[in-house]
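Numbering (UniProt numbering), first residue to last: 1 to 352.
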């Protein structure tokens, strides 16, 4: 049993270290203790037989430590052990430095700027990563396939494509993810949290990426262009769909009849032929339709709208098909041969 004086000294030292850590935590630099304190600590935490005492143990893995501050630092290495909480949105962080960097999202602060392009960043780390875009530096490489990355996080995420590891799981539904950021974003589905808002219209989003995409509505930016016809699109998904018009790809097929479609929406509408589903109904007469576009056309009966007009005589029509038929009066076009249509009366002769 240790002498009472030894125990008291150790407790006083532990309290002193915790106070020092809290005082220095604003700098978020986990510097080693000053040499004189460390030497005194090692002396106090060593028994008479020369064996070092480690009375502080991790409740997660059982690893022991000689002082509480070392244990506290170690606890942050365990996934899910996050000690610093944002009072604005409730997100947790393992270090105060990460929390302070995160707070700049809410404040809009970006004190670090790139000397090459002038782009600003919330943290020095983000700026350092960004500069590699200009330098082309990729210091991290995958031992499996040799692919290189500009940041260690990118390499870690990439490695999981080889291992299939999904170390992060949702505590509510159990769904597993490869990245902790994906779990954080996924949790907002359950909580309904939408911390990112548009400064122009006030619409809120649960992901920064969704906000970025939304902003293109206001800016008119169309960042994605077709390499074949140069047509530009606001969203990458629209470009992918458009590309199928060039390739002829029809990746969606009907399980009932096998018919294929370029777009998923086309398959959904087609499937209603087999199910006889008509989810769209007219509020005026109650008639139902399989497609919303057909309902829209039907509504013109009630509204009297005639959206199609002849450029030659300005006569208006309710349906596009009626306009096409009418234009043949002006063009003289006769696409149907008189010898190919049976008599509408008896269906036997070919004369009209």
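Even for Gly, the Cβ is constructed at its ideal location relative to N, Cα and C. Bear in mind that the values here come from a model prediction, so they are computed numbers and not experimental data.
The region 81-94 makes no contact with the region 109-124: fewer than 3 CB pairs, one atom from each, lie closer than 8 Å.
Membership of residue 228 in any alpha helix (DSSP H) is not indicated, and neither H nor E is assigned to it by DSSP. Here DSSP, grouped into helix, strand and coil, assigns residue 150 to coil. Per DSSP, the beta bridge partners of residue 196 are 205. Per DSSP, residue 307 has no beta-bridge partner at all. Residue 191 is positioned such that its CB atom lies no closer than 8 Å to that of residue 197. The beta carbon of residue 233 sits closer than 6 Å to those of 222, 224, 239, all from its chain and outside the five residues before and after it, given in chain order. Taking C-beta atoms under 8 Å as the contact rule, residue 154 and residue 140 qualify, at a distance of about 7 Å. DSSP places residue 275 inside the alpha helix (DSSP H), whose first and last residues are 264-275. Residue 156 holds the alpha-carbon nearest to the alpha-carbon of residue 143 among 156, 333, 243. Around the beta carbon of residue 230, fewer than 16 other beta carbons sit within 10 angstroms, so the residue counts as exposed. One alpha carbon belongs to residue 304, the other to residue 334, and they sit about 29 Å apart.
The distance from the Cβ of residue 121 to that of residue 99 is about 17 Å, inconsistent with a contact at the 8 Å cut-off. In the displayed model, residue 179 falls within coil according to three-state DSSP, outside both helix and strand. Shortest Cα-Cα distance from residue 115 to any of 131, 244, 107, 104 involves 131. If you draw a straight line from the Cα of residue 257 to the Cα of residue 267, it comes to about 11 Å. For the set 226, 285, 207, the Cα lying nearest the Cα of residue 242 is the one of 226.
By the criterion of a C-beta distance shorter than 8 Å, residue 151 is surrounded in its chain by 129, 132, 140, once the five residues flanking it on both sides are discounted. Residue pairing from DSSP places residue 92 in a beta bridge opposite 85.
For residue 238, the enclosing alpha helix (DSSP H) stretches over residues 236-247.
Looking at the backbone, the Cα of residue 148 and that of residue 180 are separated by about 22 Å. Residue burial is scored here from C-beta neighbours: residue 206 has at least 16 other C-beta atoms within 10 angstroms and is therefore classed as buried.
Around the Cβ of residue 290, a 10 Å sphere holds 16 or more other Cβ atoms; the residue is buried. Just so you know, the alpha carbons of residue 118 and residue 322 end up roughly 58 Å apart.
Taking the CA atoms as reference points, residue 137 sits about 48 Å from residue 254. Looking at the backbone, the Cα of residue 213 and that of residue 103 are separated by about 22 Å.
Between residue 245 and residue 252, the C-beta spacing is not below 8 Å.
Around the beta carbon of residue 276, a 10 Å sphere encloses fewer than 16 other beta carbons of the protein chains shown; the residue is thus reported as exposed. The straight-line gap separating the alpha-carbon atoms of residue 286 and residue 300 is approximately 14 Å.
Close CB contacts of residue 282 within its chain, under the 7 Å cut and outside five residues either way in sequence, are with 295, 298, 299 (chain order). For residue 131, the enclosing alpha helix (DSSP H) starts and ends at 124-135. For the options 318, 320, 312, the alpha carbon positioned closest to that of residue 329 is the one of 312. Contact check for residue 186 against residue 201 fails: the beta carbons are separated by 8 Å or more.
Taking all protein chains in view, the Cβ of residue 69 is crowded by 16 or more other Cβ atoms within 10 Å, so the residue is classified as buried. Secondary structure of residue 78 (DSSP, three-state): coil.
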